[in-house]
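Chemist:
There are 2 protein chains.
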Amino acid sequence: MAERLYREIGQKIRLEIEKSALKVGDKLPTERVYAELFGVSRTLVREAFIMLEIEDLIEVRKGSGSYLKNTLASQVSLPEISDVGPFEMLQARQVLESAIAAQAAISITKADIQQLQETLELEGAELNSVEKANSADREFHLLIAKATQNTLLVDTATRLWEMRDSNPMWNQLHARIKDSSYHGQWIDDHKDILMQLKKRSESGARQAMWQHLENVKQTLFSLSDTDAPDFDGYIFAQPNQG
Amino acid sequence: MAERLYREIGQKIRLEIEKSALKVGDKLPTERVYAELFGVSRTLVREAFIMLEIEDLIEVRKGSGSYLKNTLASQVSLPEISDVGPFEMLQARQVLESAIAAQAAISITKADIQQLQETLELEGAELNSVEKANSADREFHLLIAKATQNTLLVDTATRLWEMRDSNPMWNQLHARIKDSSYHGQWIDDHKDILMQLKKRSESGARQAMWQHLENVKQTLFSLSDTDAPDFDGYIFAQPNQG
DNA sequence: ATTTCAAATTTGGCATACCAATTTAGAAAA
DNA sequence: TTTTCTAAATTGGTATGCCAAATTTGAAAT
Chain X
64 MAERLYREIG QKIRLEIEKS ALKVGDKLPT ERVYAELFGV SRTLVREAFI
114 MLEIEDLIEV RKGSGSYLKN TLASQVSLPE ISDVGPFEML QARQVLESAI
164 AAQAAISITK ADIQQLQETL ELEGAELNSV EKANSADREF HLLIAKATQN
214 TLLVDTATRL WEMRDSNPMW NQLHARIKDS SYHGQWIDDH KDILMQLKKR
264 SESGARQAMW QHLENVKQTL FSLSDTDAPD FDGYIFAQPN QG
Chain W
64 MAERLYREIG QKIRLEIEKS ALKVGDKLPT ERVYAELFGV SRTLVREAFI
114 MLEIEDLIEV RKGSGSYLKN TLASQVSLPE ISDVGPFEML QARQVLESAI
164 AAQAAISITK ADIQQLQETL ELEGAELNSV EKANSADREF HLLIAKATQN
214 TLLVDTATRL WEMRDSNPMW NQLHARIKDS SYHGQWIDDH KDILMQLKKR
264 SESGARQAMW QHLENVKQTL FSLSDTDAPD FDGYIFAQPN QG
């Protein structure tokens, strides 16, 4: 496994917080207490505390102690998401990301366009590595959300991608899509989206993004149709984009 | 300020990554190098590295070094909802909920319409209680999301409303909006949305929802203009709905 | 020239020790 | 008894040092 130890400690501390039924605002045991409890140095506990602090679960105050800042419940990023099928996910992305793209067309800056351009070139270059191509794909879509300059829209898009990446079924399919001959169209789609954004065309960007995800759905459908595992029951009403 | 030092170091490292134009996969300078560069101990640099690792920006490999895992651009500062202003929130709702409404127009059922009808009547009746009116308002919008029959869209809409309800500034304003003479138009807007959904008009529902939230923005603006606290800096580019 | 493999080097992992801010305890003053 | 103030204890902050994994080097074998 070879996980970094501080993560293990952090997880143990989470469990301790749960067992002790600590409420928001309550004081946690000190670093030294946890160190002795787990039989490790205070350094490691401290690192685990930093992890939990970055995750916004606790707050650390010098000379005073550490305090629970949020509930454990608010930590978990949506539990039942793994039950969401690829088609349902793609439909949600279609609805939301096309709207975000339309908004981005209004507020996008030259710098944003430049970054999108660079990412697009990376996508073309990195098609040998599925890993990197996926990362560039994600980057492209999130940059568009960022171009709206609206925190909540960025947050929404990010959440969608986090869910996608944590969905095992999607990962399985993604590799095959990227291997398929569709990769060329994938890039063409992105080029089209970028072009509409450059033109600052609201409806153009909306439609280009919609069509892109429509194409992904089609590819996914044909792959799962011919080849594949069981994706029945994931098909939804297909909106006709007006 | 009294910020914890590792955060400062982490920020400096981000700047260094930017200055050095490091690409994903590139190796970072070692902890010892940064320690000397910033004139601090390796411990602090290590803590900063942990912070960046939690943020998924870098990957740390024992005995080997640390590597850039994601671009700085893809870094999303996890949203501290409390400092999202009402106008930013309304803009996000405008973009997302109008898209959701359009989708709902396609898949809505008679039962959904019936429920919306009932909720709408409740809204008219309960205008004496701000509390209940607000609850009915929320119900109306969430029912539309449910009508899409897409889990993720429901989830997205729910999240938006949770954030709205936890934003103190919004709550403060909401009461005043509900008190104002705008309440009548509020209900008319909802009636219009419901009518478009009945007609199953995708673009009609989209525009009706957009216009509704546009009206809310206008009301909010006029209230904060005449009366109120300091809402400057929350104003965004206003998309012209096509 | 190429390959192999072990020793040296590099790099992150972890622990101990001491520092500084905060809190607490208790004695002195009122 | 209550308040005030100071010193001791508590708690997180930072630095140093040694350990272990990974990488690199270079000499020996082929």
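Top line first, the protein sequences correspond to chains X and W. For reference, each letter of the first sequence is one residue, going 64 to 305 in this note's numbering. For reference, each letter of the second sequence is one residue, going 64 to 305 in this note's numbering. Quick reminder that beta carbons are idealized off the backbone N, C-alpha and C, glycines included.
Closer than 9 Å, CB to CB, is residue 95 of chain W near chain X or not?
Modeler: Reading the second sequence from its first residue, position 32 is the one you call residue 95 of chain W. Not closer than 9 Å to any Cβ of chain X, the Cβ of residue 95 of chain W fails to qualify, so no.
Chemist: Three or more C-beta pairs closer than 8 Å, one from the stretch 197 to 204 of chain X and one from the stretch 109 to 123 of chain X: is that the case here?
Modeler: No, the stretch 197 to 204 of chain X does not touch the stretch 109 to 123 of chain X.
Chemist: Would you please verify whether the beta carbon of residue 152 of chain W is less than 9 Å from any beta carbon of chain X?
Modeler: What you label residue 152 of chain W is simply residue 89 of the second sequence in a count that begins at 1. Chain X, which has a Cβ nearer than 9 Å to the Cβ of residue 152 of chain W, makes this yes.
Chemist: Does the distance from the CB of residue 318 of chain X to the CB of residue 68 of chain X come in under 9 Å?
Modeler: The shown model of chain X, from 64 to 305, leaves out residue 318 of chain X, and the question about it has no answer.
Chemist: Should residue 142 of chain X be labelled buried (16 or more other beta-carbon atoms within 10 Å of its own) or exposed?
Modeler: Start at 1 with the first residue of the first sequence, and residue 142 of chain X comes out as number 79. Because the pLDDT of residue 142 of chain X is 39, which lies under 50, any placement of that residue in the model is unreliable, and the question is left without a value.
Chemist: Between which two residues does the beta strand (DSSP E) harbouring residue 135 of chain X extend?
Modeler: As a first step, residue 135 of chain X is located in the first sequence; it is residue number 72 there, counting from the start. No beta strand (DSSP E) contains residue 135 of chain X, which DSSP labels as neither H nor E.
Chemist: Does any CB atom of chain X fall closer than 9 Å to the CB of residue 129 of chain W?
Modeler: Looking up residue 129 of chain W in the second sequence gives position 66. Output row for residue 129 of chain W: interface = no.
Chemist: Check whether the Cβ of residue 79 of chain X lies closer than 9 Å to any Cβ atom in chain W.
Modeler: Walking along the first sequence from the start, residue 79 of chain X turns up at place 16. So no, residue 79 of chain X is outside the interface.
Chemist: DSSP on residue 163 of chain X, reduced to helix/strand/coil?
Modeler: Counting from one through the first sequence, the residue named residue 163 of chain X turns up at place 100. Here residue 163 of chain X sits in helix by DSSP.
Chemist: Hey, could you find the ends of the alpha helix (DSSP H) residue 80 of chain X is sitting in?
Modeler: Translated into positions along the first sequence, residue 80 of chain X becomes position 17. Where residue 80 of chain X is concerned, the enclosing alpha helix (DSSP H) stretches over 68 to 82.
Chemist: Using the DSSP secondary-structure output, state which residues sit across from residue 90 of chain W in a beta bridge.
Modeler: Residue mapping note: residue 90 of chain W aligns to position 27 of the second sequence, counting from 1. Paired residue(s): W:130.
Chemist: If we define contact as Cβ-Cβ less than 9 Å, is residue 232 of chain X a contact residue for chain W?
Modeler: Looking up residue 232 of chain X in the first sequence gives position 169. Answer no: the Cβ-Cβ gap between residue 232 of chain X and chain W never drops below 9 Å.
Chemist: Can you tell me whether DSSP reads residue 123 of chain X as helix, strand or coil?
Modeler: By one-based count along the first sequence, residue 123 of chain X stands at place 60. Strand, per DSSP.
Chemist: Among W:150, W:254, W:72, W:256, which has the Cα closest to the Cα of residue 216 of chain X?
Modeler: Taking the first residue of the first sequence as position 1, residue 216 of chain X is located at position 153. Among W:150, W:254, W:72, W:256, the Cα nearest to that of residue 216 of chain X is on W:150.
Chemist: Quick one: list the residues of chain X neighbouring residue 69 of chain W, beta-carbon separation under 9 Å, in chain order.
Modeler: The sequence position of residue 69 of chain W within the second sequence is 6, counting from 1. Chain X residues near residue 69 of chain W: 113.
Chemist: Among residues of its own chain, excluding the 5 on either side of residue 264 of chain X, which ones have a beta-carbon nearer than 7 Å to its beta-carbon?
Modeler: As a first step, residue 264 of chain X must be located in the first sequence, where it is residue number 201. Within the same chain, residue 264 of chain X has close Cβ partners 168.
Chemist: Using a C-beta to C-beta distance shorter than 8 Å, which residues of chain W count as neighbours of residue 108 of chain X?
Modeler: One-based indexing of the first sequence puts residue 108 of chain X at position 45. Within 8 Å Cβ-Cβ: nothing; residue 108 of chain X doesn't reach chain W, min ~13 Å.
Chemist: Please list the terminal residues of the continuous alpha helix (DSSP H) segment that includes residue 179 of chain X.
Modeler: Working through the first sequence from its first residue, we reach residue 179 of chain X at position 116. Looking at the DSSP string, the run of the alpha helix (DSSP H) that includes residue 179 of chain X is 173 to 188.
Chemist: Is residue 141 of chain X helix, strand or coil when you go by DSSP?
Modeler: Walking along the first sequence from the start, residue 141 of chain X turns up at place 78. Only weak support is given to the placement of residue 141 of chain X: the predicted model assigns it a pLDDT of 45, under 50, and the question is left unresolved by the model.
Chemist: Determine, using beta carbons only, whether residue 258 of chain W comes closer than 9 Å to chain X.
Modeler: Residue 258 of chain W sits at position 195 when you count from the first residue of the second sequence. Not one chain X Cβ lies under 9 Å of residue 258 of chain W.
Chemist: From this set, X:262, X:94, X:85, X:208, which residue's C-alpha is nearest residue 156 of chain X's C-alpha?
Modeler: Here residue 156 of chain X corresponds to residue number 93 of the first sequence, with the count starting at 1. Selected option, being the one with the closest Cα: X:208.
Chemist: Tell me whether residue 175 of chain X is buried or exposed, calling it buried when 16 or more other Cβ atoms sit within 10 Å of its Cβ.
Modeler: Numbered from 1 along the first sequence, position 112 holds the residue referred to as residue 175 of chain X. Residue 175 of chain X should be labelled buried.
Chemist: Tell me, please, whether the CB atom of residue 213 of chain X is closer than 9 Å to any CB atom in chain W?
Modeler: Position 150 of the first sequence, counting from 1, holds the residue named residue 213 of chain X. Cβ-Cβ to chain W under 9 Å: yes for residue 213 of chain X.
Chemist: In angstroms with no decimal places, state the Cα-to-Cα distance between residue 302 of chain W and residue 181 of chain X.
Modeler: As a working mapping, residue 302 of chain W is identified with position 239 in the second sequence. As a working mapping, residue 181 of chain X is identified with position 118 in the first sequence. Reliability fails at residue 302 of chain W, whose pLDDT of 44 lies under 50, so the model's placement of it is uncertain and no value is given.
Chemist: Residue 97 of chain W: which of W:195, W:73, W:89 sits nearest, CA to CA?
Modeler: Position 34 of the second sequence, counting from 1, holds the residue named residue 97 of chain W. Of W:195, W:73, W:89, the residue nearest in Cα terms is W:73.
Chemist: Taking residue 239 of chain W as the reference, give the member of W:213, W:283, W:261 with the closest Cα.
Modeler: Reading the second sequence from its first residue, position 176 is the one you call residue 239 of chain W. For the residues W:213, W:283, W:261, the minimum Cα distance to residue 239 of chain W belongs to W:283.
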